[in-house]
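See structure below.
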Amino acid sequence: MRSVTSMAGSRGHGQGERSEPACFDGVEASQGHPRWRLRKNAIGITVTRHPVYKIKGIRHSPFQGITKPGLCNVLGVIKFDGGESHHCVYNEAVCSRLAQTLHAPIADGVLTMTIGGPAFVSLRLDSLGENLPDLLWKKRGSAARRYPDDVASLMLFDLLVGNWDRERNLKVSLANANMHLFRAFDHSHALLDVFFDDMRRSLSALHDGELIVRRHPFYGLIPPQALSAALNRFLSVEEGMIRACCLFGTGFAGVSHKIQLAVADTLLKRRGLLEKIIWDNEGVINTLSADP
Amino acid sequence: MSFSFFTIQYVHDAFRREGINIAVLASIDGRGYARAPDLPVCSKLHGFDAFSNGTAEFRALTGLNYSECAAYPDLLDYLANVGVEYGSNDERLAAEMRSLAESACALVPVTQGVGLLERAEKAEDAVERVFRQFVGPIPKRRLDQFPDLVARVLQHAEIAYNDDLHVDACIDLIAGPENLTVSLYFDYAIIADWMFEGGRGRGLASGKNRRPNAGLRVVGGRMPVAKRRERLDAALATFEQAIRLDFMAAEHLALLTDAHGVENASSRCRRLGVRCIDAAESDARHLIHRVMTA
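From first to last, the protein sequence lines are chains A and B.
Heads up, the first sequence is in my numbering, so the first residue is 1 and it goes up one at a time.
Heads up, the second sequence is in my numbering, so the first residue is 1001 and it goes up one at a time.
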């Protein structure tokens, strides 16, 4: 096997002689590019744009498998029905599924069963070991400038599910040039609990295209193009997928199958009315909400 | 004159709930103040940039490493904004502290106290006094060892979280019909539009592969002289091969090293046309950014 050095030497390559693409034994690299492959690449510090969640501990792998799976504990915030939100678990579960379907920037969550019944666990956001404070109201302009697409998607999502209580329920990284983190949480006042203790009225308001969200941190701050792109994306999702987000196959967390079907129909109707809702309430949506 | 203040703890592990005092927010005579590691007593926000303050004092105080403190600039930004803006009103500051306590965050308000401004004492000095009382002096530790320097330079050069950044990249350059292989090793490489090998065999799958955009070798830190020389030689050999085989341009290659490395390798790098960058220099991040994102 010839050494590369001698090969290169035989071609007369040296400093300053780089006008020709690399040739190897008279065979030119295809299309002017040398052939190469990345053999090894350690999983390093590259971070994707999806948020990370805090792992409490990783146990030794008890399972067989090529990926060496193991057990671990992940930190989360557990939520139950009750208080101001009688259907909190159902609301949060549906909003979580919907957000994934519509690509809205909501913190991930999972359902679990406890002695007290079903519960929803919102996974605790963890930006490399630290949990940020909720976004300051005065920083919402900075958030909108840095994350225009996320902001548009979130506002539209809140309009869709009737989440009037967004306020500061957001974790956003603004000070770190290298970090992309924008995640919203808490939807206990959406869907069936838009109006406290009045499920029928909540569904009715959603179905009829009422604005519901009278104030929002990002009103008056969303570029029209971002809003338009988000709306197109929401409208392009298949009906069956939105319906599937609302149905659990049977009664769940105190919400009967019949009510789940009603939620699905309501959301599909409201999705179709989103553009009209925005248009009819332009004055509110295009004006900065007052400080809390 | 009396003034009110809050001390803030940093809780790294929510399960263990062990916190360490790190900041003081005070309201003195209708004006808000914030003091935290890497944030001298601050009473105005004009021109404030948490990111550029760094995390050296925070790391010294908490014992965390550089990557564990990546979100500290956001926490610092919050503390400065709340301390200065909300601190001008006692009730508003108290309400925000209640909200912070409920937000399940790494910052936890722990103490609400009342301090006394001594005669002829400035407000900033009073805040500093309270900070020293509750947080204590920032320990001296051997900060900015070479790995810390490298991590900081890459962060500040805004390539640390670049989606195209590959760490420990070993590139096999395949040559000729005999498929001779030249291995080029980079500690960090920017490779955009890289396609996985496979399907249609080795090498180019569809002609869309582009050569790596930039490559960086890192040699530095405490090590024997012979080992340092060996690693520098290996790095320069890599550069030489990449340039000689016309695989990468010299301006897209760099050696990130320390003062000893610069002393030993700068002339050879200059001959190759490759950058030799001292990680401790103030303009290191600009130079790295230029090389890696050209």
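Each residue gets a CB set at the ideal place from its N, CA and C atoms; glycine is no exception.
Owing to the predicted nature of the structure, the values given are computational and were not obtained by experimental measurement.
Check, Outcome
"Beta carbon proximity, A:V151 to chain B, threshold 8 Å", "no"
"Closer than 8 Å to chain A by CB, B:N1081", "yes"
"Any 3 or more C-beta pairs closer than 8 Å across the stretch 1243 to 1263 of chain B and the stretch 1272 to 1292 of chain B", "yes"
"Close Cβ partners of B:L1075 (< 7 Å) along its chain, the five nearest in sequence each way excluded", "A1106 and L1107"
"When A:L267, A:F248 and A:N131 are compared against B:A1070, the one with the closest alpha-carbon", "A:N131"
"Nearest residue (CA-CA) to B:F1186, options B:A1237, B:V1225, B:L1039 and B:I1174", "B:A1237"
"Euclidean distance between Cα positions of B:D1283 and B:R1129", "35 Å"
"Residue span of the alpha helix (DSSP H) that contains A:S173, given as start and end", "It is not in any alpha helix (DSSP H) - A:S173 carries neither H nor E in the DSSP assignment."
"Residues of its chain near B:T1181, where Cβ-Cβ distance is below 8 Å and the 5 sequence neighbours each way are ignored", "D1172, L1173, I1174 and A1175"
"Validate contact between the stretch 100 to 107 of chain A and the stretch 130 to 146 of chain A using beta carbons, cut 8 Å, 3 pairs", "no"
"Anticipated Cβ contact below 8 Å, B:Q1009 with B:V1110, distance rounded", "5 Å"
"Under 8 Å by beta carbon: chain B residues contacting A:L132", "A1071, D1074, L1075, Y1078, C1105 and A1106"
"Reduced DSSP secondary structure (H/G/I, E/B, other) of B:C1105", "coil"
"C-beta neighbour in chain A for B:E1091, strict 8 Å", "no"
"Simplified DSSP state of B:Y1086, which is helix, strand or coil", "helix"
"Three-way DSSP call (helix, strand, coil) for B:Q1133 in this model", "helix"
"Chain A residues whose Cβ lies nearer than 7 Å to that of B:A1050", "A175"
"Rounded Cβ spacing between B:A1279 and B:D1258 (contact assumed at less than 8 Å)", "6 Å"
"Within-8 Å CB hit, B:L1045 to chain A", "no"
"Which residues DSSP lists as bridging B:A1169, in chain order", "B:F1186"
"Distance cut-off 7 Å: A:M199 Cβ against heavy atoms of the ligand SAH", "As far as ligands go, the structure on display features none, and thus does not contain the ligand SAH."
"Where A:G109 sits in the DSSP three-state scheme", "strand"
"Interface flag, B:L1256 vs chain A, CB-CB below 8 Å", "no"
"CB of A:H87 within 8 Å of CB of A:D186, strictly", "no"
"Any C-beta of chain A under 8 Å from that of B:L1100", "yes"
"Cβ neighbour criterion (16 or more within 10 Å) applied to B:D1225", "Before going further, note that residue 1225 of chain B is Val rather than Asp in the sequence given. Exposed, since its Cβ has fewer than 16 Cβ neighbours within 10 Å."
"Residue of B:E1251, B:S1099, B:V1011 and B:E1281 minimising C-alpha distance to B:R1290", "B:E1251"
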